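Residue numbers (mature numbering (1 follows the signal peptide of the UniProt record, and there is no 0)): -22 to -1, 1 to 417.
One structure is given below, encoded as structure tokens.
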């Protein structure tokens, strides 16, 4: 397609839009509609359609390839075909018009082509380089030098990125609000320190799998990133309560925190969240096996905006945690309790009878909760918005119990509702899957 190959591949008109539309041999639509209106219509077309339209006529070629139509480009669906020259061609065609570009998964793109891109597209605001494993610190230097308006940058799995990149970004991309460095495992506290000193307006920072990060890195975030709303520290295994406490004390606007796999954390982290981050909506704490009811009790009593919680493998929690959530967290929509083997039907009863159970709860994961029985399914009949429940390896939940709740929902919502839902049937599933279904 037009911008995915060298510009010489297609016969591009060198005339201006005004000269092209003055020709008498153009199609009727080109005569009847003003050029400005046609350009507006073309602005709603996707990348493939624009490329096809570019081959219809000289007039449409000019319209389709007008830079104003190429402000947002996502090349993920073409990732296997994208090479460096494609990015260079796009940058030359779009120039200052381009605001958003996704090169997610484009393994053939490297530093040289992105330097050309940065030079030509200086108004870029959103750039997704997720999985572009060829790029190095050189790309970040180019972005720092030419792309001062950059707000959103995704460098997920760009494993050659080092602290030098973060220093460069802090010097030239001070408007950054969203930065994803997940699985860039060469990043250390020194890189984070350099980054946050220049990019203090960060609102979202993703550091999944940055295994060299220690508590001191979070101290730098505490000191500079007071606008932070989203922080992801999944699998940052060296992080301890000390670091989380620092984050909570400096980032009071925090709404989403992921510490899944941070196995050193204890109730001290939950206490800090409860006392300092009242706006918290999402907490992912899977595999944090030292967290207990005491910590979640304090959290629930102070964080009433909670909407999503992932507590998978928080093996010490009991029904007491569910009781506190049911009392204090009326907005809860999604809750994962998989492998929380101390949870019983009584805890689910409190949850299902609460405001969140009646009005909000959509997703409940109870895989490997060995004390859960068919009684839980009866309680969940009160959860009118429940869309999915997972019950893998809940060995006390029977097919008969699943059939009862399915039949009850059929009676309650009618055939039209259940036709849109999926239930695993005993005829089509294996024994290990028999207790898992969607509403």
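The beta-carbon is built from N, C-alpha and C at its ideal position, and this holds for glycine as well.
A quick note: this is a predicted structure, and the numbers were derived from the prediction, not measured.
Alpha-carbon to alpha-carbon, residue j and residue i
{"i": "residue 52", "j": "residue 25", "result": "8 Å"}
{"i": "residue 352", "j": "residue 376", "result": "7 Å"}
{"i": "residue 373", "j": "residue 95", "result": "57 Å"}
{"i": "residue 39", "j": "residue 13", "result": "13 Å"}
{"i": "residue 161", "j": "residue 189", "result": "8 Å"}
{"i": "residue 44", "j": "residue 32", "result": "10 Å"}
{"i": "residue 117", "j": "residue 132", "result": "12 Å"}
{"i": "residue 61", "j": "residue 67", "result": "10 Å"}
{"i": "residue 152", "j": "residue 185", "result": "19 Å"}
{"i": "residue 327", "j": "residue 158", "result": "40 Å"}
{"i": "residue 6", "j": "residue 34", "result": "14 Å"}
{"i": "residue 257", "j": "residue 71", "result": "44 Å"}
{"i": "residue 103", "j": "residue 224", "result": "30 Å"}
Own chain residues within Cβ distance below 6 Å of residue i, not counting five before or after
{"i": "residue 99", "result": "69, 76"}
{"i": "residue 216", "result": "192"}
{"i": "residue 201", "result": "none"}
{"i": "residue 287", "result": "261, 313"}
{"i": "residue 173", "result": "144, 148"}
{"i": "residue 142", "result": "115"}
{"i": "residue 299", "result": "271, 274"}
Contact set for residue i: own chain, Cβ-Cβ below 7 Å, skip 5 residues either direction
{"i": "residue 386", "result": "359"}
{"i": "residue 248", "result": "269, 273, 274, 276, 277"}
{"i": "residue 441", "result": "One cannot answer for residue 441 here, as it falls past the ends of the chain, which runs -22 to 417."}
{"i": "residue 194", "result": "167"}
{"i": "residue 171", "result": "198"}
Nearest-angstrom Cβ-Cβ length linking residue i and residue j, presumed shorter than 8 Å
{"i": "residue 177", "j": "residue 211", "result": "18 Å between Cβ atoms; not a contact."}
{"i": "residue 229", "j": "residue 206", "result": "4 Å"}
{"i": "residue 238", "j": "residue 263", "result": "6 Å"}
{"i": "residue 101", "j": "residue 127", "result": "6 Å"}
Residue i vs residue j beta-carbon contact at 8 Å
{"i": "residue 57", "j": "residue 84", "result": "yes"}
{"i": "residue 323", "j": "residue 362", "result": "no"}
{"i": "residue 290", "j": "residue 259", "result": "no"}
{"i": "residue 209", "j": "residue 183", "result": "yes"}
{"i": "residue 343", "j": "residue 319", "result": "no"}
{"i": "residue 281", "j": "residue 309", "result": "no"}
{"i": "residue 253", "j": "residue 222", "result": "no"}
{"i": "residue 155", "j": "residue 179", "result": "yes"}
{"i": "residue 329", "j": "residue 303", "result": "yes"}
{"i": "residue 64", "j": "residue 92", "result": "no"}
{"i": "residue 16", "j": "residue 46", "result": "no"}
{"i": "residue 106", "j": "residue 81", "result": "yes"}
{"i": "residue 382", "j": "residue 364", "result": "no"}
8 Å CB neighbourhood of residue i in its chain, flanking five on each side removed
{"i": "residue 317", "result": "290, 291, 293, 345, 346, 347"}
{"i": "residue 135", "result": "108, 109, 111, 160, 161, 162"}
{"i": "residue 267", "result": "241, 291, 292, 293, 294"}
{"i": "residue 73", "result": "45, 98, 99"}
Residue i Cβ short of 7 Å to the ligand FAD heavy atom set
{"i": "residue 306", "result": "This structure simply doesn't include the ligand FAD, nor any ligand for that matter."}
Can you check the segment 294 to 334 for any beta strand (DSSP E) of at least 3 residues that lies completely inside it and give the ranges in chain order? List check, beta strand (DSSP E) in window: 312 to 314.
List, from N- to C-terminal side, the alpha helix (DSSP H) runs of 4 residues or more that fit wholly inside the segment 226 to 263. The segment 226 to 263 is shown to contain whole alpha helix (DSSP H) runs of 4 or more residues at 245 to 254, in chain order.
As an exercise, report each continuous alpha helix (DSSP H) stretch of at least 4 residues that is fully enclosed by the segment 118 to 203, in chain order. Along the segment 118 to 203, the alpha helix (DSSP H) occurs as fully enclosed runs of 4 or more residues at 141 to 150, 167 to 176, 193 to 202, listed in sequence order.
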